[in-house]
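*Asks:*
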Amino acid sequence: MGGCVFCGIVGGEVPAFRVADEPDGVAFLDTRPVFKGHVLVVPRDHLVTLTDLPAAALPGYFGLVQRLAVAVESGLGSGGTFVAMNNKVSQSVAHLHTHVVPRTKGDGLRGFFWPRTRYADDTEADSYATRITTALPS
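Rendered as structure tokens:
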């Protein structure tokens, strides 16, 4: 869909630090991560909300989200993950996306008041993407 940054990433027109590119979806680092290693998972088709995702696509899409939760935790050595999705309200890009955020005890995340950080440079972002991709179960 024209103008959608996530469609641009899926189509390869917009650069992103990809961690997965599969038939069921594409995953890449959030450019404004809550914590470094914060991944966004999007379906290939332009869908706006979870209710737009066909029932037949649920197992593949959420299977990818589940595998990425494992990869973020094991690849980054985090204590766990926070997995979330906004539908319409607080949805900064109108394309269905699921957040997979690495968590550690005492990381300061409280409720939905998320602090945001930045990667020092593309090299650091690439190292996080590589670590998650390497840990992604098949």
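Position one of the sequence shown corresponds to residue 1 (the UniProt record's numbering), numbered consecutively onward.
Think of the CB as a built atom: it goes at the ideal place given N, C-alpha and C, for glycine as much as any other residue.
1) On the three-pair Cβ rule with 8 Å, is the stretch 90-97 touching the stretch 34-54?
2) I'd like to know whether the C-beta atoms of Gly80 and Arg110 end up nearer to each other than 8 Å.
3) Would Glu73 be called buried (16 or more neighbouring beta carbons within 10 Å of its own) or exposed?
4) Please classify Ala55 as buried or exposed, where buried requires at least 16 other C-beta atoms within 10 Å of its C-beta.
5) So what's Asp21 in DSSP terms, helix, strand or just coil?
6) Taking Leu47 as part of the beta strand (DSSP E), name the residues at either end of that continuous run.
7) Enumerate in chain order the residues of its own chain whose CB-to-CB distance from Asn87 is below 6 Å, with the five nearest sequence positions on each side excluded.
8) Can you tell me where the beta strand (DSSP E) holding Pro137 begins and where it ends?
9) Round the Cβ separation of Ala16 and Phe28 to the nearest angstrom and send it over; I've been treating them as touching at under 8 Å.
10) Please tell me whether Val41 and Val70 are closer than 8 Å, where the distance is taken between their beta carbons.
*Replies:* Result, derived from the coordinates:
1) The stretch 90-97, when compared against the stretch 34-54, does touch it at the 8 Å Cβ threshold.
2) Position 80 of the sequence shown, counting from 1, holds the residue named residue 80. Position 110 of the sequence shown, counting from 1, holds the residue named residue 110. Going by C-beta atoms, Gly80 is not nearer than 8 Å to Arg110.
3) What you label residue 73 is simply residue 73 of the sequence shown in a count that begins at 1. Answer is buried; the Cβ neighbour count reaches 16.
4) In the sequence shown, residue 55 corresponds to position 55, counting from 1. Flag for Ala55 reads exposed.
5) Translated into positions along the sequence shown, residue 21 becomes position 21. Here Asp21 sits in strand by DSSP.
6) As a first step, residue 47 is located in the sequence shown; it is residue number 47 there, counting from the start. Counting along the chain, Leu47 falls outside any beta strand (DSSP E), and DSSP gives it neither H nor E.
7) Taking the first residue of the sequence shown as position 1, residue 87 is located at position 87. Excluding sequence neighbours, Asn87 sits near Thr49 and Leu50.
8) Residue mapping note: residue 137 aligns to position 137 of the sequence shown, counting from 1. No beta strand (DSSP E) contains Pro137, which DSSP labels as neither H nor E.
9) Mapped onto the sequence shown, residue 16 falls at position 16. Mapped onto the sequence shown, residue 28 falls at position 28. Right, their Cβ atoms sit about 4 Å apart.
10) Taking the first residue of the sequence shown as position 1, residue 41 is located at position 41. Taking the first residue of the sequence shown as position 1, residue 70 is located at position 70. Cβ atoms of Val41 and Val70: not closer than 8 Å.
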